[in-house]
Amino acid sequence: MAGDESSRQALRRRLDEVLGREHALTLMDQLSGAGAATTGDILALEERMDSKMDARFIAFEERMDSKMDARFIAFEERMDGKLETLEGRMDSKLAALEERMDSKLAALEERMSLRDEALEHRLTATFRNELITQTRTFFLGMVGSITTVATLAFAAARLI
138 MAGDESSRQA LRRRLDEVLG REHALTLMDQ LSGAGAATTG DILALEERMD SKMDARFIAF
198 EERMDSKMDA RFIAFEERMD GKLETLEGRM DSKLAALEER MDSKLAALEE RMSLRDEALE
258 HRLTATFRNE LITQTRTFFL GMVGSITTVA TLAFAAARLI
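Numbering follows my numbering, in which position 156 of the sequence shown is assigned residue number 293; successive positions increment by one, without gaps.
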């Protein structure tokens, strides 16, 4: 429906006839032609509002993304620092443990070496004693055998 001035004048005349001049003026003042929004105006406003809202949401998302990124970066840096500290502590603890284990292993090796040496000396002494005992027994057996043979030889020589 066109809102031109001639149709407004025709409406005013008809309102004068139906309602009277005073009521027609009041009603026409309420229906002013200037600034009345049309469907096109409302659709254009909706598009402008949508684009403004979209721009605001995009700006809000970007701000939130940058803030979240900054917080994640700060958190990651803190965690990296804590991990480095923890790694340093673990390295020093492991080095101390390794040093203690090395010293205990060296002491154990020394004790085992001393035990091996003592065992070797005991075995050597035992073998020596056994060898001496066997040599004496063999020597005495040989002396006895030689004496027996000599006695038999003298006895046989006397008999002949």
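For every residue, glycine included, the Cβ atom is placed at its ideal position computed from N, Cα and C. As the structure is a prediction and not an experimental result, all values here were calculated from the model.
Inter-residue CB distance, Leu182 and Leu164 (contact presumed, cutoff 8 Å): As a working note, residue 182 is residue 45 in the sequence shown. As a working note, residue 164 is residue 27 in the sequence shown. With a Cβ gap of about 26 Å, Leu182 and Leu164 do not count as contacting.
Check whether the Cβ atoms of Arg145 and Ala161 sit closer than 8 Å, and answer yes or no. For the purposes of this step, residue 145 is taken as the residue at position 8 of the sequence shown. For the purposes of this step, residue 161 is taken as the residue at position 24 of the sequence shown. Result no, Cβ atoms of Arg145 and Ala161 do not sit closer than 8 Å.
Under DSSP, the alpha helix (DSSP H) around Ile283 begins and ends at which residues? Taking the first residue of the sequence shown as 1, we reach residue 283 at position 146. That run of the alpha helix (DSSP H) goes 176-296.
Close beta carbons around Ala293, own chain, < 8 Å, minus the five adjacent residues each side: To locate residue 293, count along the sequence shown from 1; it is residue 156. Nothing meets the Cβ criterion.
Which of the three DSSP states is assigned to Asp141 in this structure? Position 4 of the sequence shown, counted from the start, is the residue given in the question as residue 141. Of the three classes helix, strand and coil, the one that applies to Asp141 here is coil, per DSSP.
Alpha carbon to alpha carbon, what distance is there between Arg295 and Thr285? For the purposes of this step, residue 285 is taken as residue 148 along the sequence shown, with counting starting at 1. For the purposes of this step, residue 295 is taken as residue 158 along the sequence shown, with counting starting at 1. Computed Cα separation, rounded: 15 Å.
Is DSSP giving Leu152 helix, strand or coil here? As a position in the sequence shown, residue 152 is number 15, starting the count at 1. Leu152 falls in the helix class under three-state DSSP.
Backbone secondary structure at Leu168 - three-state DSSP: In the sequence shown, counting from the first residue as 1, residue 168 sits at position 31. Coil at Leu168, not helix or strand.
Length of the line joining the Cα atoms of Phe197 and Ser229: What you label residue 197 is simply residue 60 of the sequence shown in a count that begins at 1. What you label residue 229 is simply residue 92 of the sequence shown in a count that begins at 1. In a straight line, the C-alpha of Phe197 is about 48 Å away from that of Ser229.
Going straight from the alpha carbon of Met138 to that of Asp166, what length do you get? Within the sequence shown, residue 138 is the residue found at index 1, counting from 1. Within the sequence shown, residue 166 is the residue found at index 29, counting from 1. Confidence in Met138 is poor, its pLDDT being 45 and thus under 50, which makes the residue's placement too unreliable to answer from.
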